[in-house]
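Residue numbers (the numbering used here): 15 to 470.
Beta carbons: idealized from backbone N, C-alpha and C, even for Gly.
Only a predicted model underlies this, so the values are computations on that prediction, with no experimental measurement involved.
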Amino acid sequence: YALKQSETEALFLIDRFKTSDYVGMFNEICPEARESKPGKISCESLPYLKTAVLIRGEKEPGMYTWEEVMKMGTEIHDDVLREHQEDLDFDDPINIQYTSGTTGFPKGVVLTHHNILNNGYFIGECMKFTDKDRLCIPVPFYHCFGMVLSNMACMTHGATMVLPAEYFDPVSALEAVEKERCTALHGVPTMFVAELEHPSFDKYDLSSLRTGIMAGSPCPTEYMKKVSTLMNMKEVVITYGQTEASPGITMSSTSDSLDRRVSTVGKPMPHTEVKIVDPKTGKISPRGETGEICARGYAIMRCYYNNPGATEKTIDKEGWLHTGDLGILDDEDYCKITGRLKDMVIRGGENIYPREIEEFLYTHPDISDVQVIGVPDAKFGEELMAWIKLKEGRTLTADEVRLFCKGRIAHFKIPRYIKFVDDFPMTVSGKIQKYKMREESIKELGLDEVAKAETA
């Protein structure tokens with residue numbers, strides 16, 4: 015889908031990774047490549063594709079090797095390179111970054127040199143990066159987190175990039191921090207949870223750590239506190255944003271109080287405007303009231319590639335990016351995320367934000383991770399369901415969870431359905447796919463007929 019939608023002309027690939035056979039996948043969607051000369055592919059399903067380059071692995075029919083491409087570079091005069099450089103403009107697209115696809119097909123976000131260079135610079139500034147810093151990067155580079163918050167932040171400040179492994183592994187990350195004396199560590203919440211709860215966590219020396227970023231999905235307050243204290247990341251910060259904003263929209267500062275850094279996602283980033291609007295009217299919400307987060311400024315994407323309809327729905331005529339996230343701005347401009355517009359549950363006319371219930375359940379000593387969703391209900395329209403992941407070796411029943419909630423949160427916010435799981439459906443970049451959880455739950459609970467009535 016991505017190769018065709020992006021009109022890709024050249025593809026760089028490795029032979030395989032774990033159970034994924036990339037050469038096999040490529041030959042399946044483009045069988046003509048095996049009969050083609052390198053650089054002259056003619057493929058019916060991918061009409062724009064002409065070149066494939068194998069970075070790692072044995073020589074394949076129809077593909078250049080990495081070494082062959084490198085040799086071609088030596089045969090081109092530097093003047094040709096300079097001509098290409100002079101033709102570039104800072105507002106030119108540098109990449110098409112596909113969204114994680116938590117709902118349906120991913121969209122190609124067109125980002126410019128100006129977008130990502132500046133966003134990365136301000137990320138580094140907020141973390142007080144210098145050329146003395148060493149950042150451990152276990153997050154993927156094909157995601158804006160790794161590409162901008164990590165790579166570009168380091169590049170613009172001369173900081174060292176430490177790559178612990180080809181894929182995330184908590185032990186590799188902890189070992190890299192200790193061995194390389196990293197001063198910063200990045201990760202999505204599930205990565206930090208895996209590191210903190212690893213049986214060998216206590217044996218690693220993390221005293222060199224100072225800062226880092228937890229981002230990519232909602233950051234549980236309890237784990238932010240643990241990262242700050244148990245991992246010595248006393249200046250850990252949160253960045254909130256999305257691919258369409260390059261990705262940073264708001265960010266806490268290393269100088270903010272711990273309470274501000276664990277309970278909010280900071281203030282709007284430099285040269286970025288943020289407003290909270292009523293999703294129904296589009297009018298700005300009063301301070302402290304929940305609404306949709308909108309952002310405007312240098313970091314906003316140019317468009318969704320070849321998708322003007324989706325672009326118009328996301329960026330309005332005044333240039334505001336409508337994030338689809340719900341949040342509040344307080345009197346000091348700190349932003350707090352309360353949920354997703356699409357995740358909001360309406361039970362019997364009451365608007366319920368799953369994030370609030372998730373944050374409460376995180377305080378249970380036996381719960382490692384939790385996600386709350388809405389499922390269809392004939393009486394109330396929707397009911398709450400909690401998917402709960404327990405800490406290793408712990409046991410818990412659904413009734414015990416409800417008892418823990420009773421009297422501490424409103425009765426209508428106590429989940430009716432509770433499911434204990436080993437993991438959640440996620441994108442490869444670590445984002446929870448709540449729509450898949452909802453689909454699976456509807457089937458398991460036998461709510462198909464109710465769901466049909468709900469959408470009729």
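Distance, Cα to Cα, K142 vs T268?
-> In this structure, the straight-line span from the alpha carbon of K142 to that of T268 is close to 7 Å.
So E373 and T235 are in contact, right, with Cβ under 8 Å, and what is the actual spacing, rounded?
-> At roughly 6 Å, the Cβ-Cβ gap stays under 8 Å, so E373 and T235 are in contact.
Member of M265, S260, L355 and E258 whose CA lies at the smallest distance from the CA of T304 = Answer by Cα proximity: L355.
The alpha helix (DSSP H) enclosing P368, as first and last residue numbers = Membership of P368 in the alpha helix (DSSP H) is indicated by the continuous run P368 to L375.
At which residues does the alpha helix (DSSP H) containing D101 begin and terminate?
-> Counting along the chain, the alpha helix (DSSP H) containing D101 begins and ends at D92 to D101.
Pull up the distance between the alpha-carbon of D147 and that of A198, whole angstroms please.
-> For D147 and A198, the distance between alpha carbons rounds to 7 Å.
Per DSSP, cross-strand counterpart(s) of P282 = Looking at the DSSP assignment, P282 forms a beta bridge with T264.
Applying the criterion that 16 or more other CB atoms from any shown protein chain within 10 Å of the CB defines a buried residue, is A179 buried or exposed?
-> With a 10 Å radius around the Cβ and a threshold of 16 neighbouring Cβ atoms, A179 comes out exposed.
Range of the contiguous beta strand (DSSP E) that encloses P58 | The sequence shown places Glu at residue 58, rather than the Pro named in the question. For E58, there is no enclosing beta strand (DSSP E), as DSSP marks it with neither H nor E.
First and last residue of the alpha helix (DSSP H) that includes V37?
-> Its alpha helix (DSSP H) spans residues Y36 to I43.
Around the Cβ of G160, are there at least 16 other Cβ atoms within 10 angstroms (buried) or fewer (exposed)?
-> Label assigned to G160: buried.
Please report how far the alpha carbon of D345 lies from the alpha carbon of G353, in whole angstroms.
-> Pairing D345 with G353, the inter-Cα distance amounts to about 20 Å.
Leaving aside the five residues before and after V250 along the sequence, list all residues of the same chain whose C-beta is less than 8 Å from its C-beta, in chain order.
-> The residues T225, G226, I227, M228, M238, V241, S242 and R275, in chain order, have a CB closer than 8 Å to that of V250 in the same chain once the five nearest residues on each side in sequence are set aside.
Element boundaries [beta strand (DSSP E), containing Y237] = Counting along the chain, no beta strand (DSSP E) covers Y237; the unbroken alpha helix (DSSP H) around it starts and ends at T235 to L244.
Please report how far the alpha carbon of M283 lies from the alpha carbon of M265, in whole angstroms.
-> A straight line joining the alpha-carbon of M283 with that of M265 spans about 6 Å.
Would you say G305 reaches chain D, if we count a Cβ-Cβ gap shorter than 9 Å as a contact?
-> Any reference to chain D falls outside this structure, which holds one protein chain only.
Contiguous beta strand (DSSP E) assignments of at least 3 residues, all confined to the region 281 to 320 | With a minimum length of 3 residues, the continuous beta strand (DSSP E) runs that stay inside the region 281 to 320 are 286 to 291 and 305 to 311.
Determine the burial state of L461: buried for a count of at least 16 other Cβ atoms within 10 Å of its Cβ, exposed for fewer.
-> L461 counts as buried, since no fewer than 16 other beta carbons sit within 10 angstroms of its beta carbon.
Beta-carbon proximity check, D391 vs R430, cutoff 9 Å = Contact flag set, yes.
Please name the residue or residues paired with E397 in a DSSP beta bridge.
-> Its beta-bridge partners are V389.
Entirely within the region 192 to 232 and at least 3 residues each: give me those beta strand (DSSP E) ranges in chain order.
-> Runs found: 198 to 201 and 225 to 228.
Could you pull the start and end residues of the beta strand (DSSP E) that K433 belongs to?
-> In the DSSP assignment, K433 falls within the unbroken beta strand (DSSP E) covering Y431 to F434.
So what's Q19 in DSSP terms, helix, strand or just coil?
-> In the structure shown, Q19 sits in a helix (DSSP, three-state: H, G or I).
Cα-Cα separation between V83 and V67, rounded to whole angstroms | As the crow flies, the alpha-carbon of V83 is around 8 Å from that of V67.
Spatial distance of C168 from S222 (CA atoms) | Answer to the nearest angstrom: the Cα atoms are 17 Å apart.
Please classify D103: is it buried, with 16 or more other beta-carbons within 10 angstroms of its beta-carbon, or exposed?
-> That one is exposed.
C-beta atoms of Y367 and L340 nearer than 9 Å | In this structure, L340 lies closer than 9 Å to Y367 by Cβ.
In this structure, does DSSP put V185 in helix, strand or coil?
-> In the structure shown, V185 falls within a helical segment according to DSSP collapsed to helix, strand and coil.
Should N321 and K121 be called a contact, given that it needs their Cβ atoms to be closer than 9 Å?
-> Yes, Cβ-Cβ distance for N321 and K121 is below 9 Å.
Would you mind sorting F136 into buried or exposed? The rule is 16 or more other CB atoms within 10 Å of its CB.
-> Answer is buried; the Cβ neighbour count reaches 16.
Given a threshold of 16 other Cβ atoms within 10 Å of its Cβ, counted over all protein chains shown, does G138 qualify as buried or as exposed?
-> That one is buried.
Would you kindly work out how many angstroms separate the C-alpha atoms of S455 and V389, rounded to a whole number?
-> Those two C-alpha atoms are separated by around 7 Å.
Compare the C-alpha of G311 against each of N132, P61, Y15 and C44 and name the closest.
-> The residue from N132, P61, Y15 and C44 with its alpha-carbon nearest to that of G311 is N132.
Under the three-state reduction of DSSP, which class applies to R361: helix, strand or coil?
-> Under the three-state reduction of DSSP, R361 is assigned to strand.
Please report the residue range of the beta strand (DSSP E) in which L68 lies.
-> Looking at the DSSP string, the run of the beta strand (DSSP E) that includes L68 is T65 to R70.
By Cβ distance, which residues of its chain are closer than 6 Å to C419, with the 5 residues on each side in sequence left out?
-> Closer than 6 Å at the Cβ level, and outside the excluded window around C419, lie I428.
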